[in-house]
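Notes to accompany the following structure.
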Amino acid sequence: MDGGVYSVTKLVLAAGHGRVLLIAPMEDPALDVEITAVTGQGGRDEVIRPDEASPAAFGTAPLDPATRTPSVEAGLKQGRTVSADIGSFWA
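Here the sequence shown is numbered in the working numbering, starting from 7 and rising by one per residue.
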C-alpha cells in the first residue's frame, strides 16, 4: 500500500444488496458519493455517522491512549441513542 486510500468505508462493495448498514467511524468526503452508488442500485441504507460528541472525544489525536475512555463513552452514548432506529431498519 502506498499510503493512499480510495475509501475509508469501502461501501461500494455493498452495492446490490437489499440492506446496508454502515457505521462510519469518521467523516469521509467520499461517503455521500458511495451512499448514492448503493442506493442508486435499489439498496436501502442506514448510515451511522459520528455525532458531535465523538470527534470531540478523540480530538486531533485519535490514536492517543488518553482519548480511549472518552471515545468509548461517546460511542456507547451514541449507540444507545441510535439503537431503536437500527432495530427498525432490520425489522
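No residue lacks a Cβ here, since even glycine has one placed at the ideal position from N, Cα and C.
Check: Length of the line joining the Cα atoms of I92 and G65; Outcome: 27 Å
Check: Meets three-Cβ-pair contact criterion under 8 Å: the segment 69-80 and the segment 25-45; Outcome: no
Check: Residues bridged to L135 (per DSSP); Outcome: Missing from the structure shown is residue 135; the chain here goes from 7 to 97 and no further.
Check: Neighbour-count burial assignment, S94, 16 or more Cβ in a 10 Å radius; Outcome: exposed
Check: Where Q114 sits in the DSSP three-state scheme; Outcome: Nothing about residue 114 can be reported from this structure: the residues present for the chain run from 7 to 97 only.
Check: Buried/exposed call for A90, threshold 16 Cβ in 10 Å; Outcome: exposed
Check: Cβ-Cβ distance between V26 and V14 below 8 Å; Outcome: no
Check: Opening and closing residue of the alpha helix (DSSP H) in which S60 lies; Outcome: A59 to F64
Check: Nearest neighbour of S60, chosen from D51, T73, G49 and G48 [CA to CA]; Outcome: T73
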